[in-house]
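What follows is a short report on a single structure.
There are 2 protein chains.
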Amino acid sequence: MKELAELSKLLRYYILLSTTNAGSGHPTSCLSSVELMASLLFGGFFHFDADNPDNPNNDRLIFSKGHAAPLLYSLWTVAGKLTEQELLTLRKFGSPLEGHPVRAFPYAEAATGSLGQGLSIGAGIAINGKYIDILPYRVFVLLGDSEMAEGSVWEAIQLASYYKLDNLIGILDVNRLGQRGETMYGWDLSAYEKRISSFGWKTICIDGHNFDEIFKAYDEALKSKLPTMIIAKTVKGKGVSFLEDREGRHGVALSEAEFKEALKELGEIKRLTISIKKPDSLKPKQQALEIKEFTNRYNIGEMVATRRAYGEALVKIFPEFPDIVVLDAEVSNSTYAEIFKKHYPERFFECFVAEQNMVGMAVGLSLRGKIPFVSTFAAFLTRAFDHIRMAQYSEVNIKLVGSHAGVSIGQDGPSQMGLEDIAMMRSILNSVILYPSDAVSTEKLVREAAKYKGIVYIRTTRSTTPVIYSYDEEFPIGGSKVIRKSDKDLFTVIGAGITLHEALKAYEELKNRGIFIRVIDLYSLKPLDVETLKEALSETEAIITVEDHYPAGGIAEAVKSEVGAERVYSLACRKTPKSGAPEELLDYEEISAKAIVDCVNKLNKLFRKYKI
Amino acid sequence: MKELAELSKLLRYYILLSTTNAGSGHPTSCLSSVELMASLLFGGFFHFDADNPDNPNNDRLIFSKGHAAPLLYSLWTVAGKLTEQELLTLRKFGSPLEGHPVRAFPYAEAATGSLGQGLSIGAGIAINGKYIDILPYRVFVLLGDSEMAEGSVWEAIQLASYYKLDNLIGILDVNRLGQRGETMYGWDLSAYEKRISSFGWKTICIDGHNFDEIFKAYDEALKSKLPTMIIAKTVKGKGVSFLEDREGRHGVALSEAEFKEALKELGEIKRLTISIKKPDSLKPKQQALEIKEFTNRYNIGEMVATRRAYGEALVKIFPEFPDIVVLDAEVSNSTYAEIFKKHYPERFFECFVAEQNMVGMAVGLSLRGKIPFVSTFAAFLTRAFDHIRMAQYSEVNIKLVGSHAGVSIGQDGPSQMGLEDIAMMRSILNSVILYPSDAVSTEKLVREAAKYKGIVYIRTTRSTTPVIYSYDEEFPIGGSKVIRKSDKDLFTVIGAGITLHEALKAYEELKNRGIFIRVIDLYSLKPLDVETLKEALSETEAIITVEDHYPAGGIAEAVKSEVGAERVYSLACRKTPKSGAPEELLDYEEISAKAIVDCVNKLNKLFRKYKI
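Protein sequence lines correspond, in order, to chains A and C. Under the UniProt record's numbering, residue 612 is the last one in the first sequence; the count climbs by one each step, no gaps. Under the UniProt record's numbering, residue 612 is the last one in the second sequence; the count climbs by one each step, no gaps.
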């Protein structure tokens, strides 16, 4: 107990030292969690092989309240994995000790800092431990009370209960104060207890600065048969009298003078280095899954929806990629993830109508070496944009699949139409975006996606479309297919997905009139096949891009960014869509075969008239 | 009671008739809610002036389960506002009766169809009734059980309780079946009751097909001092034996043969037209708010953060726009929405860390004629992308304000940096995007945003920047400011926000070396001042755009889309950011004054060498 008090003082010292030195940070948010975290890591509850962060037996700790990063770094300094000198590099350019945790710091499980995401990530890691790797590790997630307002936390709470994640333990630091003032419930622990327990979690309310209560709570939590939330009443700024429970001190570092005062209050600091208990050495007890045969080939001309080919592809490639895990948000009969579910139910996890949590869980699964394929309607992936944004900072390997792209879904209308998903996924710095036009290319690209390390987005189509490629064709990321070409090509028409087929129809119509167009299937939207595009621009008079997507941030802008916009014309959805038959809507948005033919004819007239 | 049974049969007939005729739709999801909605509208509980949907005294009904649209249309057919012929235009191109409700149908309060958003919209309308217009109308929201998995519903539930919205009544249709199978809780009403009541709502569990119970429930709900959720056990497909409680019938219309069978089961249909009870005629009892004087002018050279100017602008323009309501998500001391809160607390609503619900509530407030200004960090607006996406289909008048744009926020690191927000907002078809570089332009643009009817996004900067405009300057939407110009301009540098100031620094440095650049402040990113851009491109050798934003979908792509990309060069954030001082990060991402100078020099050398 004496050592715990010394330990807490040392941690407080490190927190104040590092943030004061940095001139910024969230010291008061760190100070409230000190005893909770000190007990966890150094009280023997947390088992972690500090020399091997990737040891599959390690317990996992996620700071959902990512702004408490200085506490995380302080803990690992005590654990002997950071020197005090290194600790002083907090928030400095080039240091792995960033303002909020990132993977550059090996003991940060995930990048956090956008509140309300950590519990989903933890749930994903817990699912891996309970159902896939079958290892007894625990997942601990430190949450702030302010972030309990985020709906995504309640998605995670629901799903964790549904999946009986008794290996998931949340520690809720109820310090009463959010950023600008008191939270909705202040210190009323019963408010959290009532709500969280109503979702089927075990809850344990404690004084978050009382070691006896904290230790008892962890003991209980580790024995619990339910996911557990330790709800701890704490004091923001605890340990420094002029900071304790004060408004207006969120995210404010101490001044030099304040730091000196605080040091006086802390008194003598005893340096300690304490080892973290190592886990037992166990091998993942993954079930050996029986491989299900699935070998249908697609024949040219067959009508197959690319969304169906997606589901079938998952089954076909699973033997080669046994780390694949498939998640879907209540629409697996539409995205066809259900085909995989039927064959490998042990590796399919229904996420219900909760897309944010689904992406968070995918991040968690990826951190434990799995390859998550995550599907819903393209439009509904926008629900999870912040989770996708943060996923890139966790440097994860996840595959997002958006079906029902564009107005071509028809009568359901705009709420169900993905028209901004390409723009969204292009804004993820290092994403790969694939948009197959037929079943063969879908299958090949799903395999490319599984091979690739990083965030990949695959856009699939609702309606059936003809198979146009031979089953032996390959589709490298960053490539394209020039599927109609002659030395008489007037213009180049670039399509993808449904518009590729419209382009082919337009080709036939124009050919009958003696006009030849080059047709390119731009199945890789990111990275682009710049060489082929430049070649087309130099060998034909203009490029016309056609996309079932809004204009901003889509295919036209991507192409123009690379090859210039001088002779690049864009057909895209420029009007608010409505219900209607797919063909009607393609015409209405002027991205149909008819619209392509019109555009070619108009441009042709224009170019002849002005001798361009 | 006999009439209610006849009414229910008629509604079922209309639902089956319209969806069968359309060949698509969600009849089974409609059938489970028939008695609930029939009782509401025709049992005297719902007061609505059917000749005047915009009557401020009307109760409001939102179909959060938007796919039950055919039921909505059927109800209004019985109310005499649609003919049966019109009903048969369901899902047809050009009909206001779309697959999911849109505002083209005057009795759809909002566009829904992306699940889990209706309760937030309802909460916004309820807040208007209880706190702003002070009118006794009620807001009813029909929810499906499947969408209760969405975290955004729990955000709305929390906030509705916090704001004591006793005028908000949810009707939860628990028909057990989601799209692809059973929900997490099936028919266990107590699961919903436990959870929802734990958040401080009154809950009433009933048989959703029993009129006695339904009527009692509405009676109770209308007397409740708490927000109320009526939790109704229902049968999906109720009324047609081969549809009732069947899996695999979600979103599937009946075949002609099935329809004939169903008609046999329904028996004789009696046509009815029933008026909906009109509300009492009351005038909004808005508090007359005391106008707070706030008249500080900004002087050229003064260092003021545009985020602060935003907060001050709100106070300055409020007297001219008394319909303004300000919402913020726990960061009002960072976004400076707190300045407005301090002056007009009655028009400020804290939304806590729940951005999705905040945007949903803004939609609701806008539908009731208010002008919501909604703020949080630009990065965290991505949390609400699906709500923003759907907001456009409700044709609302909302202003979104994202602070802490770009890497220039410094040490907090990437989790807090908005680097994809311009791309996101550009993908909203008819959005306006404003990015002021100083306090004067911020104030003027906030006023332009308030004047404009539609979705506006304003991007603000964390750090202080010098005032560069005279206080009398005007800033029309779609304009730009050429702030450095000569007949010796070699290149044009386009900046906005923080990069405009870097461009000005670069200008000085280059001028000292005898090189002149045109500098344009692109404060209106959408719509763009195409004329000025084209002029710059024709009068100077190249355009260099500089943005504190990722490359995709941002300023460069917007500019290239309009004026071509031949001689347009882009400086943007092309590397994953880190913690660091703002200046360090601007240099690291090569969007600083130094980087601009380098770029100009490099291009200059290149152009001279190859005599471009």
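We treat Cβ as the ideally placed atom computed from N, Cα and C, and that holds for glycine. Remember, it's a predicted structure, so these values are computed and weren't measured experimentally.
- Where does C/M229 fall in DSSP's three states? strand
- contact_flag[the segment 265-274 of chain A, the segment 291-298 of chain A] where n(CB pairs < 8 Å) is 3 or more: no
- Task: Mind reading off the beta-carbon distance from A/V401 to A/F373? Whole number of angstroms is fine, and I expect it under 8 Å.
- Result: 6 Å
- Task: Would you kindly work out how many angstroms separate the C-alpha atoms of A/P436 and A/K560, rounded to a whole number?
- Result: 21 Å
- Query: So which residues on chain A does C/M424 lean against when the C-beta distance must stay under 9 Å?
  - Reply: T382, F385, E420, A423, M424, S427 and G553
- Since A/E576 meets chain C, which of its residues come closer than 8 Å, beta carbon to beta carbon? Here residue 576 of chain A turns out to be Thr, not Glu, going by the sequence shown. Those are Q392, Y393, L429 and N430, listed as they occur along chain C.
- Task: Closer than 7 Å by C-beta to C/A378: which residues in its own chain qualify, once you throw out the five before and the five after it? Chain order, please.
- Result: G402, S403, H404, A405, G418, D421 and R459
- Task: Name, please, each residue of chain C whose Cβ falls closer than 7 Å to the Cβ of A/Y162.
- Result: M184
- Would you kindly work out how many angstroms separate the C-alpha atoms of C/A253 and C/F63, rounded to a whole number? 20 Å
- Item | Coarse secondary structure for C/C30, derived from DSSP in three states | helix
- Alpha carbon to alpha carbon, how far is A/A309 from A/T442? 6 Å
- Using a cut-off of 9 Å between C-beta atoms, extract the partners of A/Q179 located in chain C. E330, V331, S332, N333, S334 and V353
- Which partner residues does A/E182 have in the DSSP bridge list? A/L177
- Message: Just to confirm before moving on: does the CB-CB distance between A/E338 and A/G311 stay below 8 Å?
- Response: yes
- CB contact check: C/T112 to chain A, cutoff 8 Å: yes
- Task: Please report the Cβ distance between A/K65 and A/D173, rounded to the nearest whole angstrom; I am assuming they are in contact, meaning their Cβ atoms lie under 8 Å.
- Result: 7 Å
- Query: Which value, in whole angstroms, describes the spacing of the CA atoms of C/A22 and A/E531?
  - Reply: 46 Å
- Pull up the CB-CB distance for A/Y131 and C/M184, whole angstroms please, since I reckon it's below 8 Å. The Cβ separation is near 17 Å, so there is no contact.
- Message: Is it buried or exposed, A/N430, if we count other Cβ atoms within 10 angstroms and call 16 or more buried?
- Response: exposed
- Whose Cβ in chain C lies nearer than 7 Å to the Cβ of A/F199? R195
- Give the residues of chain A in contact with C/A581, contact being defined as C-beta atoms less than 7 Å apart. F93
- Does the separation of the CB atoms of A/I544 and A/C599 fall below 8 Å? yes
- Item | is_contact[C/W187, chain A] using C-beta, thresh 8 Å | no
- Would a check of beta-carbon distances place C/Q286 closer than 8 Å to chain A? no
- Message: Just to make sure I have the definition right: I need the residues of chain A whose C-beta is within less than 9 Å of the C-beta of C/R249. Which are they?
- Response: The contacting residues do not exist; C/R249 stays about 11 Å from chain A at best.
- Task: Indicate whether at least one CB of chain A lies closer than 8 Å to the CB of C/P414.
- Result: yes
- Proximal chain C residues relative to A/R459, where beta-carbon distance stays under 8 Å: Those do not exist, as A/R459 stays about 14 Å from chain C at its closest Cβ, beyond 8 Å.
- If you check the beta carbons only, do A/K236 and A/S74 fall under 8 Å apart? no
- Bounding residues of the beta strand (DSSP E) (the contiguous stretch that carries C/E261): No beta strand (DSSP E) holds C/E261; the alpha helix (DSSP H) holding it covers E256 to L266.
- Task: Taking C-beta pairs closer than 7 Å, name the residues in chain C that A/G116 reaches, listed in chain order.
- Result: V353
- Where the beta strand (DSSP E) through A/I206 begins and ends: K202 to D207
- Item | Between the CA atoms of C/Y469 and C/P322 - distance to the nearest angstrom | 27 Å
- Can you give me the start and stop residues for the alpha helix (DSSP H) that C/D386 sits inside? F385 to Y393
- Message: On the criterion of 16 or more Cβ atoms from any shown chain inside 10 Å, does C/G208 qualify as buried, or is it exposed?
- Response: buried
- Looking at A/N357 and A/A496, is the spacing between their C-beta atoms short of 8 Å? no
- Item | CA-to-CA distance, A/I591 to A/V546, given in whole angstroms | 6 Å
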